[in-house]
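Counting in my numbering, the sequence shown runs from 4 upward without gaps.
Note that CB positions come from ideal geometry on N, CA and C, so glycine has one too.
The structure under discussion appears below in the form of structure tokens.
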Amino acid sequence: MASVVVVGTQWGDEGKGKMVDLLTGFAHVIVRFQGGSNAGHTVVIGDDTFIFHQLPSGILHEQKRCIVGSGVVLDPVNLVEEIREVKERGYFKDDRVLLISEEAHMVMPYHKRIDVAREKKRGAHKIGTTGRGIGPAYEDKMSRMGIRLVDLVDDEIFREKLERNLEEKNFYLVNYLQDEGFSFKELYDQYRALGEQISCYMANTSLIINQAIEQGKDILFEGAQGGLLDVDHGTYPYVTSSNTVAGSACVGAGVGPVRIDRVMGITKAYTTRVGGGPFPTELDDAIGNHLREKGGEYGATTGRPRRCGWFDAVVVKHSVRMSGLTALALTKLDVLQGLEKIKICTSYTFKDKKIQEFPASLRIQNECEPVYEEISGWEENISTVKDMSDLPLNAQKYLKIIEQLVGVEIYMISLGNERSQTMMLKNPFYRTRETR
Ligand code: IMP
Numbered sequence: 004m005a006s007v008v009v010v011g012t013q014w015g016d017e018g019k020g021k022m023v024d025l026l027t028g029f030a031h032v033i034v035r036f037q038g039g040s041n042a043g044h045t046v047v048i049g050d051d052t053f054i055f056h057q058l059p060s061g062i063l064h065e066q067k068r069c070i071v072g073s074g075v076v077l078d079p080v081n082l083v084e085e086i087r088e089v090k091e092r093g094y095f096k097d098d099r100v101l102l103i104s105e106e107a108h109m110v111m112p113y114h115k116r117i118d119v120a121r122e123k124k125r126g127a128h129k130i131g132t133t134g135r136g137i138g139p140a141y142e143d144k145m146s147r148m149g150i151r152l153v154d155l156v157d158d159e160i161f162r163e164k165l166e167r168n169l170e171e172k173n174f175y176l177v178n179y180l181q182d183e184g185f186s187f188k189e190l191y192d193q194y195r196a197l198g199e200q201i202s203c204y205m206a207n208t209s210l211i212i213n214q215a216i217e218q219g220k221d222i223l224f225e226g227a228q229g230g231l232l233d234v235d236h237g238t239y240p241y242v243t244s245s246n247t248v249a250g251s252a253c254v255g256a257g258v259g260p261v262r263i264d265r266v267m268g269i270t271k272a273y274t275t276r277v278g279g280g281p282f283p284t285e286l287d288d289a290i291g292n293h294l295r296e297k298g299g300e301y302g303a304t305t306g307r308p309r310r311c312g313w314f315d316a317v318v319v320k321h322s323v324r325m326s327g328l329t330a331l332a333l334t335k336l337d338v339l340q341g342l343e344k345i346k347i348c349t350s351y352t353f354k355d356k357k358i359q360e361f362p363a364s365l366r367i368q369n370e371c372e373p374v375y376e377e378i379s380g381w382e383e384n385i386s387t388v389k390d391m392s393d394l395p396l397n398a399q400k401y402l403k404i405i406e407q408l409v410g411v412e413i414y415m416i417s418l419g420n421e422r423s424q425t426m427m428l429k430n431p432f433y434r435t436r437e438t439r
């Protein structure tokens with residue numbers, strides 16, 4: 004048995020959805036532990052594409068227990084919609100497989116409106132948020148104003164909290180953000196009705212996860228976003244409002260750190276970022292366009308074109324340390340096919356000084372120059388390759404360089420959207436090499 008945490012190692016969109024979907028085959032329980040509907044985990048099965056925002060991707064597998072932990076800020080409007088859609092498409096037939104922490108805080112409509120209005124006010128300095136109300140919802144949690152799921156089923160508490168919140172939010176929305184406020188009755192009626200629809204999923208999820216661990220079950224903790232979007236360790240303030248590093252799995256799921264056995268980092272074979280903020284290896288040229296078009300680099304949640312650039316080992320090394328990665332999964336290697344030369348960023352320079360570790364200063368993050376190692380690319384289509392030894396030599400060399408630079412072994416390689424386009428060299432749920 005093992006507990007494995009899967010996290011993104013760059014700025015999100017590393018292809019976690021597909022890798023988590025594959026690893027779900029080896030787990031009994033799948034847990035989302037942070038973020039909210041800002042996430043967009045894409046899973047492709049045959050001709051069907053699913054984009055999960057709040058439901059663990061494991062929901063496509065029958066009989067797997069899917070849990071949303073207290074570290075997630077839950078948007079009940081989006082959740083009900085997501086549940087309806089997945090059910091309509093013939094999945095999630097048994098309501099008992101989904102459990103949501105009663106301690107999870109809710110995203111309210113005023114959070115979304117504040118998020119969007121604030122971004123507008125920031126103008127050129129906007130963060131580029133997904134507009135899903137994530138920052139304002141986490142702010143309320145930390146300032147002890149938040150409304151939790153468990154409050155939804157207690158009329159007196161819900162009324163009292165909603166009244167108190169609306170007094171403050173309406174004042175802020177109308178007087179500072181020059182936007183519209185909300186009527187109590189409208190929100191009250193909407194959320195009480197939502198409460199009735201989702202109360203069947205509410206549970207003490209920390210207890211259930213810990214019991215599953217004690218029973219020897221395999222647990223997969225599914226992170227959202229990526230290491231460089233972590234509110235403590237990322238490119239602050241151009242980050243999301245939760246901790247995206249592996250340690251967050253313990254807090255957001257309610258398990259102790261010694262319960263975690265392994266941590267797998269998902270890494271794209273190049274780098275992308277959506278929204279504002281520093282991006283040292285960004286390519287504003289034909290190669291950037293090649294990566295965007297061939298890689299389908301458009302936001303799963305917002306549809307925005309993603310910024311694209313070379314693989315940055317300084318960024319991934321930062322995530323290796325912050326999350327204590329024990330394994331890597333490399334995605335979208337196929338997208339690099341057809342490039343004559345491929346560059347890998349090994350360090351930065353700033354004012355003639357060499358920088359080996361990701362800097363904290365926003366100025367240095369913005370103004371540093373990447374130092375590259377260059378290798379030749381490959382022409383062959385690798386999207387159906389099943390064995391490492393059948394990859395072109397230059398692709399093998401690329402993987403070796405990445406492993407050496409970041410100091411973590413590659414366990415899985417993804418060569419396309421389909422489940423079958425994956426090489427599993429080692430399974431993080433087992434210690435031994437997989438036999439194919
Ligand atoms: P927020 O999480 O909506 O507040 O957005 C803050 C920053 O995180 C923005 O740059 C977003 O584009 C980015 N972000 C949030 N969620 C994701 C994600 O799932 N993938 C990639 N970027 C994300």
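**Contacts around residue 337, its chain only, beta-carbon distance under 6 Å, and the 5 residues preceding and following it disregarded** = 385, 386, 418 and 419
**Prompt:** First and last residue of the alpha helix (DSSP H) that includes residue 140?
**Reply:** 137-145
**Item:** Any alpha helix (DSSP H) of 4 or more consecutive residues that is wholly inside the segment 306-372
**Value:** Inside the segment 306-372, DSSP marks whole alpha helix (DSSP H) runs of 4 or more residues at positions 316-326 and 365-370, from first to last along the chain.
**Asked** Taking the alpha-carbon positions, what's the residue 120 to residue 180 distance?
**Response** 6 Å
**Item:** Host beta strand (DSSP E) of residue 225 (start-end)
**Value:** Boundaries of the beta strand (DSSP E) around residue 225: 222-225.
**Distance between residue 29 and residue 432 (C-alpha atoms, nearest Å)** = Put simply, the backbone Cα of residue 432 is about 7 Å away from that of residue 29.
**Asked** Name the DSSP bridge partner or partners of residue 301?
**Response** Its beta-bridge partners are 308.
**Message:** For the beta strand (DSSP E) containing residue 69, name the first residue and the last one.
**Reply:** 68-71
**Asked** By Cβ distance below 6 Å, which residues in the same chain neighbour residue 439 in space, the five residues on each side in sequence not counted?
**Response** Low per-residue confidence applies at residue 439: pLDDT is 29, beneath 50, and the placement is therefore not dependable, though the value from the model is reported in the following sentence. Here the set comprises nothing.
**Message:** Do residue 284 and residue 373 count as a contact pair if the criterion is CB distance below 7 Å?
**Reply:** Going by C-beta atoms, residue 373 is nearer than 7 Å to residue 284.
**Message:** Given this structure, state the Cα-to-Cα distance separating residue 354 from residue 360, to the nearest angstrom.
**Reply:** 15 Å
**Message:** Quick check on this structure: which residue in 329, 276 and 348 has the alpha carbon closest to the alpha carbon of residue 378?
**Reply:** 348
**Asked** How should residue 93 be labelled, buried or exposed, when 16 other C-beta atoms within 10 angstroms of its C-beta is the threshold for buried?
**Response** exposed
**Prompt:** Between the segment 126-138 and the segment 102-118, do three or more beta carbon pairs fall short of 8 Å?
**Reply:** Contact between the segment 126-138 and the segment 102-118 is present, because at least three Cβ pairs lie under 8 Å.
**Asked** Taking the DSSP output, what are the residues bridged to residue 102?
**Response** By DSSP's assignment, residue 102 forms a beta bridge with 70.
**Message:** I'd like the list of long-range same chain contacts for residue 394, defined as Cβ closer than 7 Å, with 5 residues on each side in sequence excluded.
**Reply:** 385 and 388
**Message:** For residue 291 and residue 90, what's the separation of their Cα atoms in angstroms?
**Reply:** If you take the alpha carbons of residue 291 and residue 90, they lie about 38 Å apart.
**Request:** Put residue 435 into one of helix, strand or coil per three-state DSSP.
**Result:** Confidence in residue 435 is poor, its pLDDT being 42 and thus under 50, which makes the residue's placement unreliable; the coordinate value appears in the next sentence. In this structure, residue 435 counts as coil in the three-state DSSP scheme.
**Prompt:** Of all the alpha helix (DSSP H) runs that stay within the bounds of the segment 240-295, which reach a length of 4 or more residues?
**Reply:** Runs found: 251-256.
**Asked** My guess is that residue 271 and residue 20 are in contact by the Cβ rule of under 8 Å, so how many angstroms apart are they, rounded?
**Response** At roughly 13 Å, the Cβ-Cβ gap does not stay under 8 Å, so residue 271 and residue 20 are not in contact.
**Request:** Give a single yes or no on whether residue 74 has its beta carbon closer than 6 Å to a heavy atom of ligand 1.
**Result:** no
**Message:** In the DSSP output, which residue or residues are listed as bridge partners for residue 109?
**Reply:** 77
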